[in-house]
Amino acid sequence: MFQIEYSPNLKWEIYLSASKNASLPILAANFLVDKKVNLVNLPNIIDVKILDEIWNEYLKEKHLIWPKVERIRSSILLIPVWLYKYGEIEFSNCGGCSLWKRPLDTFDNAFVQAGVDVKMLDNKKLFKVVKKPNKKIILTSFSVTATEAILIYLSFLDNIDYEIEISNIAIEPHVIDLINFLKNLWANIKLWYDHRVFVKPSKINIKNDNYKIVPDYIEAWTYFALWAIADESEIIIKNVEPNHLESVFVVADKIWINYSYGNDFIKVNSFNKKNYKATNIQTMIYPGFPTDLQSIFWTLLTQVKWISKIHEVLFEWRFGYFSELENMWAKIEVLNPHQVLIIWWKRLKWTYVTTKDLRAGASLILAWTVAEWTTNIVNENIIKRGYENIVEKLSSIWVNIKELN
Numbered sequence: 231m232f233q234i235e236y237s238p239n240l241k242w243e244i245y246l247s248a249s250k251n252a253s254l255p256i257l258a259a260n261f262l263v264d265k266k267v268n269l270v271n272l273p274n275i276i277d278v279k280i281l282d283e284i285w286n287e288y289l290k291e292k293h294l295i296w297p298k299v300e301r302i303r304s305s306i307l308l309i310p311v312w313l314y315k316y317g318e319i320e321f322s323n324c325g326g327c328s329l330w331k332r333p334l335d336t337f338d339n340a341f342v343q344a345g346v347d348v349k350m351l352d353n354k355k356l357f358k359v360v361k362k363p364n365k366k367i368i369l370t371s372f373s374v375t376a377t378e379a380i381l382i383y384l385s386f387l388d389n390i391d392y393e394i395e396i397s398n399i400a401i402e403p404h405v406i407d408l409i410n411f412l413k414n415l416w417a418n419i420k421l422w423y424d425h426r427v428f429v430k431p432s433k434i435n436i437k438n439d440n441y442k443i444v445p446d447y448i449e450a451w452t453y454f455a456l457w458a459i460a461d462e463s464e465i466i467i468k469n470v471e472p473n474h475l476e477s478v479f480v481v482a483d484k485i486w487i488n489y490s491y492g493n494d495f496i497k498v499n500s501f502n503k504k505n506y507k508a509t510n511i512q513t514m515i516y517p518g519f520p521t522d523l524q525s526i527f528w529t530l531l532t533q534v535k536w537i538s539k540i541h542e543v544l545f546e547w548r549f550g551y552f553s554e555l556e557n558m559w560a561k562i563e564v565l566n567p568h569q570v571l572i573i574w575w576k577r578l579k580w581t582y583v584t585t586k587d588l589r590a591g592a593s594l595i596l597a598w599t600v601a602e603w604t605t606n607i608v609n610e611n612i613i614k615r616g617y618e619n620i621v622e623k624l625s626s627i628w629v630n631i632k633e634l635n
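Residue 231 is where the sequence shown starts when you use the numbering used here, and the numbers rise one by one after that.
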């Protein structure tokens with residue numbers, strides 16, 4: 231259980247870890263070469279540990295089944311690795327955060343177009359290579375997971391002498407980092423920023439034995455929002471790539487948050503908090519406002535006067551954390567499964583809360599820092615799935631947080 235007390239006057243510096251969303255597909259791709267590339271800054275988070283455990287446990291098997299597979303969403307990224315090594319794989323359902331509906335239609339359809347037969351076997355799916363991939367593959371939605379998996383699968387197929395075009399791909403920073411890692415294994419990939427990529431399968435040949443994963447821009451904005459909301463606070467966030475953050479800078483400007491940035495840092499403070507303005511936010515595919523930051527900025531907007539609106543486009547009911555914030559006296563009006571209003575500023579109160587969503591859990595940490603008295607959260611391991619050493623990092627910059635057994 232995490233326990234947090236009201237935490238004003240936060241100061242100092244914080245250093246970003248490697249991106250959780252980049253680390254998992256890159257780790258999966260590294261299994262293609264039996265982990266011969268040293269991922270020098272692989273974060274010490276639960277999801278990375280579980281994915282590595284699954285690899286070690288099922289290395290010589292032709293199936294990936296519960297219980298560990300169902301603990302994390304990223305276990306599905308092992309499917310292309312097993313198809314490359316064995317030509318088929320039985321896979322039980324993957325896990326992950328509770329975000330209501332998270333269908334895998336785009337994922338399955340991408341592999342069908344890539345020459346893989348996909349069929350149900352009781353409560354499992356069988357993926358089996360039956361023919362060569364189509365020369366053109368069209369994803370049915372801008373799915374990050376489908377994009378990553380199909381790139382891992384196609385990059386090093388044997389006996390393919392033609393180029394494959396994939397349309398409607400996701401282009402988030404962590405997807406680009408996966409492409410860079412695959413190129414380090416000698417993949418022949420050409421990215422166009424109109425959401426297309428061209429892959430000509432090649433032989434694996436490791437260029438560099440070490441690879442550094444990009445900083446976590448979701449972690450950057452989590453800490454940005456924390457210091458924008460904590461009373462009389464100022465922080466410098468280091469190891470940042472500001473070009474990954476442009477859409478959120480636009481939202482920060484609309485709220486009137488004080489910040490500045492350079493090549494590898496962001497400086498933010500809450501000194502203008504009394505003048506913060508309400509705003510409307512709509513999540514979008516990258517380079518739009520990320521769905522992973524919806525709950526983070528929603529919590530920030532509970533401390534803003536007047537009425538703000540969140541429009542969650544990508545997921546239905548990614549508002550499961552609302553009941554927890556309502557328990558802390560936040561004033562909310564749900565319009566439909568995709569839209570919600572945050573009504574006026576409200577001083578949040580202490581309570582016990584829980585979370586089923588990694589980013590929603592981080593948003594509750596923001597809420598606790600401005601809440602009266604002491605707040606407690608259970609299911610804290612969900613937060614630790616994506617934030618490396620979060621208690622130690624926050625304690626180092628004076629947040630009153632501790633982990634209780």
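All C-beta atoms, glycine included, are put in the ideal place defined by N, C-alpha and C.
- About 7 Å separates the Cβ atoms of glutamate 287 and lysine 298, confirming a contact at the 8 Å cut-off.
- Closest by C-alpha distance to tryptophan 242, out of Phe495, Ile256, Thr521, Val342, is Phe495.
- Counting only unbroken stretches of 4 or more residues, the alpha helix (DSSP H) elements lying wholly within the region 255-324 are 276-288, 309-316, in sequence order.
- Here the C-alpha atom of tyrosine 383 lies approximately 11 Å from the C-alpha atom of alanine 258.
- If you check the CB distance, alanine 508 and tryptophan 536 come in under 8 Å.
- Taking every protein chain shown into account, the CB of serine 490 has fewer than 16 other CB atoms within 10 angstroms, so this residue is exposed.
- Taken through DSSP and simplified to helix, strand or coil, glutamate 554 comes out as helix.
- The shortest CA-to-CA distance from asparagine 364 to any of Ile443, Ile390, Glu462 is the one to Ile390.
- The three-state reading of DSSP puts serine 397 in strand, counting E and B together.
- Inter-residue distance for serine 397 and threonine 375 is about 14 Å (C-alpha atoms, whole angstroms).
- Inter-segment contact for the region 470-479 and the region 508-524 is present: three or more beta-carbon pairs are separated by less than 8 Å.
- Pairing lysine 437 with valine 267, the inter-Cα distance amounts to about 9 Å.
- The Cβ atoms of isoleucine 607 and leucine 594 lie closer than 8 Å to each other.
- Relative to the Cα of isoleucine 443, the nearest Cα in the group Glu464, Ile244, Val629, Asn274 belongs to Asn274.
- Per DSSP, lysine 420 is not a residue of any alpha helix (DSSP H); the beta strand (DSSP E) it occupies stretches across 418-422.
- In the DSSP assignment, glutamate 462 falls outside any beta strand (DSSP E), carrying neither H nor E.
- Beta bridge pairing from DSSP links proline 472 with no other residue.
- For aspartate 282 against lysine 250, the beta-carbon gap comes to about 14 Å, at or over 8 Å, which does not count as contact.
- CA-to-CA, the gap between leucine 571 and valine 564 works out to about 6 Å.
- The residue from Thr529, Ala450, Ser371 with its alpha-carbon nearest to that of valine 498 is Ala450.
- Here DSSP, grouped into helix, strand and coil, assigns aspartate 494 to coil.
- Of the candidates Asn435, Lys468, Asn440, Lys468 places its Cα closest to the Cα of aspartate 446.
- Between the region 451-465 and the region 530-546, the count of Cβ pairs shorter than 8 Å is three or higher; the stretches touch.
- Annotated three-state conformation of lysine 623 is helix, per DSSP.
- Between glycine 616 and the set Ala248, Ser371, Thr521, the nearest pair of CA atoms involves Ala248.
- In the three-state scheme derived from DSSP, where H, G and I count as helix and E and B as strand, proline 445 is classed as strand.
- Membership of glutamate 402 in any beta strand (DSSP E) is not indicated, and neither H nor E is assigned to it by DSSP.
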